[in-house]
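**Student:**
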Ligand SMILES: Nc1ncnc2c1ncn2[C@@H]1O[C@H](COP(=O)(O)OP(=O)(O)OP(=O)(O)O)[C@@H](O)[C@H]1O
Ligand SMILES: [Mg+2]
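Structure, rendered in structure tokens:
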């Protein structure tokens, strides 16, 4: 690949301004971290397809675009518009961010039980920086991941969620990141920190939503710390706009006997990269990484998973399904690292793809690095097309060609949707799938 | 109702049907018998619209229309039904949903009101009694994990629900025990009426003890070599297909 005119310098010079502005802020502990991160970014630059981790995803369009900093125009978003397109649920506590900044008038935290905290990260950094010090930027790797480095250098706002010891939160917490990009290309760096203390349990849903047709770039990082015996179910729903770029890392750190699940559903965006990383850092921890991507037009969706078995007796399950139409492209990388001490590891990885067009393309590969000798590791990837026998069977009973096709795609994808626990979210995503499918409206009552 | 004239069909350049002629009128039940690989399923699949078979010669008229020009789903909506010799398993597609969608597509075509889920359930429950099928199968994926007998009875159930004008049963009797065979026969006999035609493709004379055909045809190597009444099935049982072929060869040599 040719060395492109990258906008690395833009970010470096902008950092000087940010540095000056944030210097007086309460979170003084962050400043040296930001500096280290931007220095690291200066060294790394944007990744190219020569980097193994980015072989199939060319971020040239992001590197070449001059993105301005996103403004705080939260007022511009109508609550009504948001309610319909972000599919808000009245009884879910939520924080809404517009172009990276918290929008209090759209948020609704309500009364949370047992001392649960759901606050703007910027506000906490200002008023109570000690709360962040232990975990913020300690888990998501900014040494080797240029986009995480950028986020770490520029992070301003996002959600801080803290679930105290033993607290069970019944309602999911909804974090909504809205981008409005009508005023030229802008970038935002949402940053979330979710800490679940020992024995706690919660569900967190992140929705990324694009309003308008402009070009923008969301560069998000979420760190999730799952304490001993805690249970966290995390959902990331990507509904970015048609011309949007999205690069996001979900970094999960798991303690002994904890249980974490992550579900990454990608529907929108021109270029999307989801890094989902878990470190199983305590005996008996379990993680399940599920995902679904619906890719059409000229969309490019890359899911990059990294599960690190650091301790013995941990289980990991990966289950990603994708449907590709048009000239859509998808990449799936499932890296499983089993450390020397991680005996009795049980890891299973599945990636299944359904191609609806001759022009769609999938690159899928497992990467196993196993340093222990008593482990169970299985992986399987499939790339298939609609089963012609099934098509003929359905059509021979009177279902039209598009209806038959829609039904078969629905059957394929619904296996991933069925795994979504919150009933309302599952129903919304099923509806999204119907909307996406040809003649999907006819399938409304397929379940 | 159905007129097949000099039908030739091949797959991957290999000719399987070598000039089939057959006329089926409303109210009639025809049985087509023939040895393995003689082209019985090919004929059924061509009539249902499977595009892996290429029709190279001949024509098929269904109610005066050129059947071969119609898409498979169009044929189904116009009243053609084929019970598959090997019903297809479709994971993830709910049987009840599928059956209702199919029924509604056909009802819509016939100018009837579509049935909602509740009305459909009433409709289908009666039909399930007819084939002695467990209602729980409705909530499973199409044919997935069904036993061989359940799959065959499922085809009869679909036929009973969709009420076709022309039903083609491709070896629906094969591999069934005597009780299941009687159920299949009951399903077929219930459907028999003056405005319907049924073609029962079979390997064995056994089912014809329960379904009495008006006509029997013997298909050997892609051609109908003999046609007759139900007594032909009995002759076939005694002499086997080899005898039929010989007779056919004899007829041909006389003709030439
Ligand atoms: N899709 C196909 N591709 C290649 N050959 C085929 C295909 N379908 C049928 N054939 C061949 O055509 C011939 C006729 O097959 P067909 O299934 O019509 O026979 P049949 O009379 O139904 O046999 P059976 O009694 O075993 O069901 C066989 O030699 C078979 O191998
Ligand atoms: Mg056959």
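Protein chains in written order, with this note's numbering: chain A, 7 to 453; chain B, 1071 to 1326. Using N, Cα and C, we set each Cβ at its ideal position, and we do this for glycine too.
Between the beta-carbon of residue 270 of chain A and the beta-carbon of residue 282 of chain A, is there less than 8 Å?
**Tutor:** yes
**Student:** Secondary structure at residue 17 of chain A, three-state DSSP: helix, strand or coil?
**Tutor:** Assignment of residue 17 of chain A by DSSP, reduced to helix, strand and coil, places it in the helix class.
**Student:** Just to confirm, does residue 1101 of chain B get its C-beta within under 7 Å of one of the non-hydrogen atoms of ligand 4?
**Tutor:** No copy of ligand 4 appears in this structure; the ligands present are ligand 1 and ligand 2.
**Student:** What do you get for residue 1183 of chain B, buried or exposed, if any count of 16 or more other CB atoms within 10 angstroms of its CB means buried?
**Tutor:** exposed
**Student:** In terms of alpha-carbon separation, which member of A:367, A:373, A:369, A:362 lies closest to residue 354 of chain A?
**Tutor:** A:373
**Student:** Cβ atoms of residue 181 of chain A and residue 165 of chain A: under 8 Å apart, would you say?
**Tutor:** For residue 165 of chain A and residue 181 of chain A, yes; Cβs fall inside 8 Å.
**Student:** In whole angstroms, what separates the C-alpha of residue 96 of chain A from that of residue 438 of chain A?
**Tutor:** Distance between the alpha carbons of residue 96 of chain A and residue 438 of chain A: 19 Å.
**Student:** For residue 1325 of chain B, is the classification buried or exposed, using 16 other Cβ atoms within 10 angstroms of its Cβ as the cut-off for buried?
**Tutor:** Bear in mind that a pLDDT of 37 at residue 1325 of chain B, under 50, signals an unreliable position, so the number given afterwards is only what the model happens to contain. Residue 1325 of chain B should be labelled exposed.
**Student:** Enumerated in chain order, which unbroken segments of the beta strand (DSSP E) with a length of 3 residues or greater are wholly contained in the region 1220-1266 of chain B?
**Tutor:** 1236-1240
**Student:** Note down, in chain order, every chain B residue with its Cβ under 8 Å from the Cβ of residue 1 of chain A.
**Tutor:** What the structure shows of chain A is the stretch from 7 to 453, and residue 1 of chain A is not part of that stretch, so it cannot be assessed.
**Student:** Taking residue 256 of chain A and residue 228 of chain A to be in contact with their CB atoms under 8 Å, please state how far apart those CB atoms are, rounded to whole angstroms.
**Tutor:** With 8 Å as the limit, residue 256 of chain A and residue 228 of chain A qualify as a contact, their Cβ atoms being about 5 Å apart.
**Student:** Determine the direct distance from the alpha carbon of residue 379 of chain A to that of residue 346 of chain A, and round the result to whole angstroms.
**Tutor:** 8 Å
**Student:** Going by DSSP, which residues form a beta bridge with residue 223 of chain A?
**Tutor:** A:193, A:251
**Student:** Just checking residue 1111 of chain B against ligand 2 - is the residue's beta carbon closer than 7 Å to any of the ligand's heavy atoms?
**Tutor:** yes
**Student:** Between residue 1205 of chain B and residue 1216 of chain B, what straight-line distance do the alpha-carbon atoms span, to the nearest angstrom?
**Tutor:** 13 Å
**Student:** For the candidate residues B:1099, B:1111, B:1144, whose alpha-carbon lies nearest to that of residue 1264 of chain B?
**Tutor:** Answer by Cα proximity: B:1099.
**Student:** Check whether the Cβ of residue 1241 of chain B lies closer than 7 Å to any heavy atom of ligand 2, and answer yes or no.
**Tutor:** Yes, since a heavy atom of ligand 2 falls inside the 7 Å radius drawn around the Cβ of residue 1241 of chain B.
**Student:** Assuming residue 1130 of chain B and residue 1117 of chain B form a contact by the criterion Cβ under 8 Å, report the distance between their Cβ atoms to the nearest whole angstrom.
**Tutor:** The Cβ separation is near 7 Å, so the contact holds.
**Student:** Under a Cβ-count criterion, where at least 16 other Cβ atoms within 10 Å of its own Cβ denotes burial, should residue 377 of chain A be classed as buried or exposed?
**Tutor:** exposed
**Student:** Sorry if obvious, but does the Cβ on residue 1155 of chain B come closer than 7 Å to a heavy atom of ligand 2?
**Tutor:** Correct: residue 1155 of chain B has its Cβ closer than 7 Å to ligand 2.
**Student:** Please report the straight-line C-alpha distance between residue 246 of chain A and residue 190 of chain A, rounded to a whole angstrom.
**Tutor:** 16 Å
**Student:** Using beta-carbon positions only, say whether residue 1279 of chain B and residue 401 of chain A come within less than 8 Å of one another.
**Tutor:** no
**Student:** Output needed for residue 1174 of chain B: all residues of its chain with C-beta closer than 7 Å, excluding positions within five of it in sequence on either side, in chain order.
**Tutor:** For residue 1174 of chain B, where only same-chain residues beyond five positions count, the Cβ hits under 7 Å are 1184, 1185.
**Student:** Can you tell which of A:33, A:260, A:214, A:395 has the C-alpha that lies nearest to the C-alpha of residue 161 of chain A?
**Tutor:** A:33
**Student:** Does any C-beta atom of chain B lie closer than 8 Å to the C-beta of residue 462 of chain A?
**Tutor:** Lying before the first or after the last residue shown, residue 462 of chain A is absent from chain A, which here runs from 7 to 453.
**Student:** Touch check for the region 1157-1166 of chain B and the region 1199-1213 of chain B: three-plus C-beta pairs under 8 Å?
**Tutor:** A contact is defined here as three or more CB-CB pairs under 8 Å, and the region 1157-1166 of chain B meets this definition with respect to the region 1199-1213 of chain B.
**Student:** For chain A, is any of its Cβ atoms less than 8 Å away from the one on residue 1200 of chain B?
**Tutor:** no
**Student:** Under 7 Å Cβ to Cβ from residue 424 of chain A, same chain only, skipping five residues before and after it: list those, please.
**Tutor:** Correct list: empty, nothing qualifies.
**Student:** Determine the closest residue to residue 405 of chain A out of B:1222, B:1083, B:1078, B:1145, with distance taken between C-alpha atoms.
**Tutor:** B:1145
**Student:** Scan the region 1088-1140 of chain B and note each continuous beta strand (DSSP E) run of 3 residues or more that stays entirely inside, going in chain order.
**Tutor:** Look at the region 1088-1140 of chain B and you find these whole runs of beta strand (DSSP E), each 3 residues long or longer: 1099-1103, 1124-1132.
**Student:** Jot down the residue ranges of each uninterrupted beta strand (DSSP E) in the region 1260-1302 of chain B, minimum 3 residues, whole runs only, in chain order.
**Tutor:** Runs found: 1267-1272, 1285-1290, 1293-1298.
**Student:** Can we count residue 1126 of chain B as close to ligand 1, meaning its CB is less than 7 Å from some heavy atom?
**Tutor:** no
**Student:** For residue 35 of chain A and residue 135 of chain A, which I take to be in contact (beta-carbon distance under 8 Å), what is that distance rounded to the nearest angstrom?
**Tutor:** 6 Å
**Student:** Compute the distance between the beta-carbons of residue 1086 of chain B and residue 1096 of chain B, then report whether it is under 8 Å.
**Tutor:** Result no, Cβ atoms of residue 1086 of chain B and residue 1096 of chain B do not sit closer than 8 Å.
**Student:** Please list the partners that residue 401 of chain A has in chain B, where partner means a Cβ-to-Cβ separation under 8 Å.
**Tutor:** 1119, 1141, 1142, 1143, 1146
**Student:** For ligand 1, is there a heavy atom less than 7 Å away from the beta-carbon of residue 1086 of chain B?
**Tutor:** yes
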